[in-house]
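What follows is one structure encoded as structure tokens, with my remarks underneath.
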Amino acid sequence: MSARLATAELAAPTLCYPELVTALGGAIERAEGSLAVLLLNVADLPAVQARLGFQPCEALLRNMAERFKLALRERGTVLRFGDGSFCVLVSAVRNAGHAVLAAEKLKHTIEEAVAVAALAIAPEFHLGIAICPRHASDAEDLLRKAQLAAAAARERAVYRQVYDDSCAEQVLAPWALGEAYIEALRSGSLEVHYQPKVHIADGRVAGAEALLRWTQDGHAVATPDVFIPLAEEAGLIEETTWYVLSNSLRLAAMYGELPVAVNITPGMLHHHDFMEMVRTAVASWNVKPGTLTFEITEGALIIDFEQAIGRFAQLRELGVRAAIDDFGTGYSSLSYFKKISADEIKIDKSFVVRMLHDKADQHLVEAIIRLAHQFSMSVVAEGVEDRATLDALAHMGCDCAQGHFFAPALSAQQLGAWLRSMGYAGASPGTC
């Protein structure tokens, strides 16, 4: 490293990106043989700054930089950029194994610096390794691949990662999928399907659960457990919820106020505009509030239980129903029952499909039904696939059921045909 660069490091320890690229380009030109770029990021820098204070945090990072230089000696060049990133260049690296050894040296020096600072909780670091010319010969491309490796390390919850094609696939694929989802949402090419719910006692239609589907050429692009988190990360959960809610209430109005249930994420349940969205949607389609049920999973409910209770109470004041979905999987306390202002419990299908062959699941289903009824909640069993299961649920006193025994999730057009086949003539009395 030149004296000019060493002086620049001491005077201005944090380089901007163009300066970093220039420094790396010069190092590549001077390198004899291969050169490894070790890109080290502090994953939780804001939390560390808040915990320690900005000046103590900066002192810690400077201490680490000095220790890195001592650990790598003349083969290492330590550059800083951004608030919490280090670009460490290691010369004369013969293979990836040597770069990994250098990464382990950095890990040990981090541990030493943390010990000196007497930190009970160490900052979280992720390190990406890219090697010139094996991975790239251009400075910008080499940095990019080191950053992809560091991002992959974070995704995989490991300290270090040597770049390979899987890093780019893992890190960039969600971005591409997210952009495709935005286009699908904005163009209206997402579809809302509906799985019917049926009263067990007399076979009457009880309503339908709205389920968002993303398909292309008849094939699923991604499942909801993939694209709903994408929507939340992209800030599109409000737009997504409105899309499902509006389509569902339009269908409800079309079929004589058919009861519809819409799944809601915790983030949307607690969104400051949520109640206004509900009021607007119900008024826009001129349906009774009781036509609409919001479902939230038990696991999501217990994350912020007190706030969820308050929101459920607001929904019930408006006349909208609230249901707890996937019940039995969230390890919630039975004491919650005396606080929950929900109208409906939905037993998770994993218990329903096994209950004819597993006494423990059978007893659990029976207990949920009894307890829910004692607290004036109706019960829906999900995953009903055959007559024997339906008969067993009827014997237990379960109120409603949904599953492939009645129908899979149907398009709006298919649901219309199914309703006609059931002789449905409008909203029927009763819960579920």
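Residue 4 is where the sequence shown starts when you use the working numbering, and the numbers rise one by one after that.
A virtual CB, placed ideally from N, CA and C, is assigned to each residue, including glycine.
Can you check which of these residues, Phe378, Met358, Gly331, is closest to Asp351 by C-alpha distance? Working through the sequence shown from its first residue, we reach residue 351 at position 348. Ranking Phe378, Met358, Gly331 by Cα distance to Asp351 puts Gly331 first.
What's the C-alpha gap between Arg54 and Ser94? On the sequence shown, position 51 is the one that residue 54 refers to. On the sequence shown, position 91 is the one that residue 94 refers to. One C-alpha to the other measures close to 36 Å.
Expressed to the nearest angstrom, what Euclidean distance is found between the alpha-carbon atoms of Trp178 and Pro232? Counting from 1 along the sequence shown, the entry for residue 178 is found at position 175. Counting from 1 along the sequence shown, the entry for residue 232 is found at position 229. About 12 Å.
Whole-angstrom distance between Ile185 and Leu175, CA atom to CA atom: To locate residue 175, count along the sequence shown from 1; it is residue 172. To locate residue 185, count along the sequence shown from 1; it is residue 182. Whole-angstrom Cα-Cα distance: 16 Å.
Whole-angstrom distance between Thr25 and His273, CA atom to CA atom: Against the sequence shown, residue 273 aligns to sequence position 270. Against the sequence shown, residue 25 aligns to sequence position 22. Rounded to whole angstroms, His273 to Thr25 spans 47 Å at the Cα level.
First and last residue of the uninterrupted beta strand (DSSP E) at Arg324: Here residue 324 is taken as the residue at index 321 of the sequence shown, counted from 1. From DSSP, the beta strand (DSSP E) with Arg324 extends over 324-330.
With C-beta atoms as the reference, is Val382 less than 7 Å away from Ala404? Numbered from its first residue, the sequence shown carries residue 382 at position 379. Numbered from its first residue, the sequence shown carries residue 404 at position 401. Contact: no.
Please list the terminal residues of the continuous alpha helix (DSSP H) segment that includes Phe308. Against the sequence shown, residue 308 aligns to sequence position 305. Looking at the DSSP string, the run of the alpha helix (DSSP H) that includes Phe308 is 308-321.
Residue(s) in a DSSP beta bridge with Glu298: In the sequence shown, residue 298 corresponds to position 295, counting from 1. Glu298 pairs with Asn266, Ala326.
What three-state label does DSSP hand Asn44 in the structure shown? Position 41 of the sequence shown, counting from 1, holds the residue named residue 44. If DSSP states are grouped into helix, strand and coil, Asn44 belongs with the strands.
Am I right that Tyr162 and Lys110 are in contact with their C-beta atoms under 8 Å? What's the rounded C-beta distance? Mapped onto the sequence shown, residue 162 falls at position 159. Mapped onto the sequence shown, residue 110 falls at position 107. About 6 Å; that satisfies the 8 Å criterion.
Neighbourhood of Arg70 by C-beta distance below 7 Å, restricted to the same chain and skipping five residues each side: Along the sequence shown, one-based indexing puts residue 70 at 67. Same-chain partners within the cutoff: Thr112, Glu115, Ala116.
Buried or exposed: which applies to Arg373, given that a residue is buried once 16 or more other Cβ atoms fall within 10 Å of its Cβ? Start at 1 with the first residue of the sequence shown, and residue 373 comes out as number 370. By the neighbour-count criterion, in which a residue is buried when 16 or more other Cβ atoms sit within 10 angstroms of its Cβ, Arg373 is exposed.
Short Cβ contact (7 Å threshold) for Thr294 with Glu260: Taking the first residue of the sequence shown as position 1, residue 294 is located at position 291. Taking the first residue of the sequence shown as position 1, residue 260 is located at position 257. The answer is yes: Cβ separation under 7 Å.
State the DSSP-derived secondary structure class of Leu239, mapped to helix, strand or coil. Taking the sequence shown and counting its residues from 1, one reaches residue 239 at position 236. The answer is coil: DSSP assigns Leu239 none of H, G, I, E or B.
Within the same chain, show all residues whose beta-carbon is closer than 6 Å to that of Pro199, passing over the 5 residues directly before and after it, in chain order. Taking the sequence shown and counting its residues from 1, one reaches residue 199 at position 196. Contacts found: Ala211, Phe409, Ala410.
Pull up the CB-CB distance for Val247 and Leu215, whole angstroms please, since I reckon it's below 8 Å. In the sequence shown, residue 247 corresponds to position 244, counting from 1. In the sequence shown, residue 215 corresponds to position 212, counting from 1. The beta-carbon separation of Val247 and Leu215, rounded to 5 Å, stays under the 8 Å limit for a contact.
Leaving out five residues on either side along the sequence, give the residues of the same chain with a beta carbon under 7 Å from the beta carbon of Cys60. For the purposes of this step, residue 60 is identified with residue 57 of the sequence shown, where counting begins at 1. Around Cys60, the same chain offers Val51, Gln52 as residues with beta carbons nearer than 7 Å, after the five sequence neighbours per side are excluded.
From which residue to which residue does the beta strand (DSSP E) around Phe277 run? Position 274 of the sequence shown, counting from 1, holds the residue named residue 277. Under the DSSP assignment, Phe277 falls outside any beta strand (DSSP E), being part of the alpha helix (DSSP H) whose first and last residues are 277-287.
Going by C-alpha to C-alpha distance, which of Gly429, Phe89, Lys342, Arg282 sits closest to Ala316? The residue labelled residue 316 in the question sits at position 313 within the sequence shown. Closest option to Ala316, Cα to Cα, is Lys342.
Could you pull the DSSP bridge partners for Val383 from this structure? Position 380 of the sequence shown holds residue 383. According to DSSP, Val383 bridges with Lys349, Cys403.
Between the alpha carbons of Leu23 and Gly100, how many angstroms are there, rounded? Position 20 of the sequence shown, counted from the start, is the residue given in the question as residue 23. Position 97 of the sequence shown, counted from the start, is the residue given in the question as residue 100. Leu23 and Gly100: Cα-Cα distance of roughly 25 Å.
Drop a sphere of 10 angstroms on the beta-carbon of Asp394, count the other beta-carbons inside from all chains shown, and report buried for 16 or more, exposed for fewer. In the sequence shown, counting from the first residue as 1, residue 394 sits at position 391. Around the beta carbon of Asp394, fewer than 16 other beta carbons sit within 10 angstroms, so the residue counts as exposed.
Skipping 5 residues on each side, what residues in its chain have a beta carbon closer than 6 Å to that of Thr244? Start at 1 with the first residue of the sequence shown, and residue 244 comes out as number 241. For Thr244, where only same-chain residues beyond five positions count, the Cβ hits under 6 Å are Met271.
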